[in-house]
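Take a look at the structure below.
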Ligand code: CP
Ligand code: NVA
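Numbering (our numbering), first residue to last: 3 to 322.
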């Protein structure tokens, strides 16, 4: 028998799934952040590692993606692993075959599964029935890999997360806003959602985050008032209609046009060092003006790059 000495990445999280950050402690999230900085430093040093040699990951995409797919695919491949892209038109998931059955078979063929799609329930079922780590690459409810990259970007900019205030201005009910609320309340980052009343986040997510914020000391505010952006370290926005909501786009434009992130709103922070963030893709002229996203306060390209480092770190930490 031929055996090989495979390069190992030690982590206490091997075998675990990342469906959202809800079940992760602040210390565990910070550990993931440390791994991300390590992986980024290794990439900048030009180091080549083969830590996924002989491993496979299924990348399931019901919705479109550029950053997330490319991060998973390139990060896994450059570490010697074999990623397999499966769009919903390629596989039977929830059409001809139940998710439970697809999950059980994929668990026999892959070391891990990434899922981007509509229902968080599908993601949960994949984790329950596959027996391998499942990583949520975005659902209607959560986008956990995105917000780890965002926290990394904040830490790179400010050197610390302590005392920071992040204001999300836009659709307060969406996956990115909800995930930011979770990670900020866990990590003690003050967090505002500024949005019209109709788009206030659900009671359910507020209820979930309340004890996290009480424990960390994060102040969470949800308001229609744009003046709340004062003293923010970062203004964050996202598209006004998420994937799957294309049919209500016109209504959203009407609801949110006064919440556009423009020069006037950035000045209302009264903080020249305030940075602008966006998960991308962005629709310039809708949720953000061309001047702001292309201006000196914008950090959106760093955020996009950090998707890859954080996703590599997450995969290294979870995959056995
Ligand atoms: N931010 C993000 O998830 O981008 P993609 O939709 O391109 O993956
Ligand atoms: N809220 C957006 C995020 C895209 C990365 C969407 O779900 O379409």
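Using N, Cα and C, we set each Cβ at its ideal position, and we do this for glycine too. Treat the numbers as computed from the prediction; the structure is a model and nothing was measured.
Mind listing, in chain order, the continuous alpha helix (DSSP H) runs of no fewer than 4 residues lying wholly within the region 278 to 314?
292 to 295
Cα-Cα separation, residue 172 to residue 241:
8 Å
Would residue 309 pass as a contact of residue 151 if the rule is Cβ separation under 8 Å?
yes
Any heavy atom of the ligand CP inside 7 Å of the beta-carbon of residue 281?
yes
Buried or exposed: where does residue 47 fall if 16 or more other Cβ atoms within 10 Å of its Cβ makes it buried?
exposed
What did DSSP end up calling residue 169 once you bin it into helix, strand or coil?
strand
Sheet register partners of residue 114 (DSSP bridge)
Looking at the DSSP assignment, residue 114 forms a beta bridge with 59.
For residue 231, count neighbouring C-beta atoms within 10 Å of its own C-beta (all shown protein chains included) and say buried if the count is 16 or more, exposed if not.
buried
Burial state of residue 235, where buried means 16 or more other Cβ atoms lie within 10 Å:
buried
Would you mind reading off the limits of the beta strand (DSSP E) that contains residue 244?
Where residue 244 is concerned, there is no enclosing beta strand (DSSP E), given that its DSSP letter is neither H nor E.
Cβ of residue 69 within 7 Å of any heavy atom in the ligand CP?
Residue 69 Cβ: within cutoff of the ligand CP.
C-alpha gap between residue 193 and residue 237, whole angstroms:
10 Å
Can you look up residue 99 in the DSSP assignment and give me helix, strand or coil?
strand
Could you check whether the Cβ of residue 240 sits closer than 7 Å to any heavy atom belonging to the ligand NVA?
yes
Tell me whether residue 34, by its Cβ, gets closer than 7 Å to a heavy atom of the ligand COA.
For the structure depicted, the ligand COA is absent and the ligand set comprises only the ligand CP and the ligand NVA.
Of the choices 37, 79, 157, 146, whose alpha-carbon is the least far from that of residue 55?
79
In the DSSP assignment, find the alpha helix (DSSP H) that holds residue 159 and state where it starts and stops.
146 to 160
Any heavy atom of the ligand NVA inside 7 Å of the beta-carbon of residue 13?
no
Report the partner residues of residue 263 according to the DSSP bridge assignment.
290
Hey, is residue 140 close to the ligand CP, as in C-beta under 7 Å from one of its heavy atoms?
yes
With respect to the beta strand (DSSP E) encompassing residue 88, which residues constitute its N-terminal and C-terminal limits?
Boundaries of the beta strand (DSSP E) harbouring residue 88: 84 to 89, taken from the DSSP string.
Residue 245 versus 64, 191, 287, 170, residue with shortest Cα-Cα distance
64
By the 10 Å Cβ neighbour count, where 16 or more other Cβ atoms means buried, how is residue 213 classified, buried or exposed?
The residue is exposed, with fewer than 16 neighbouring Cβ atoms inside 10 Å.
Can you determine whether any heavy atom of the ligand NVA sits closer than 7 Å to the C-beta of residue 178, and answer yes or no?
yes
Identify, in the order they occur along the chain, each residue of the same chain with its Cβ nearer than 6 Å to the Cβ of residue 19, setting aside the five sequence neighbours on each side.
Taking residue 19 as the centre and dropping the five residues before and after it, the same chain places the C-beta of 129, 135, 136 closer than 6 Å to its C-beta, in chain order.
When you compare only the Cα positions, how much space is there between residue 71 and residue 157?
Roughly 24 Å between the two C-alpha positions.
C-beta atoms of residue 24 and residue 60 nearer than 8 Å:
no
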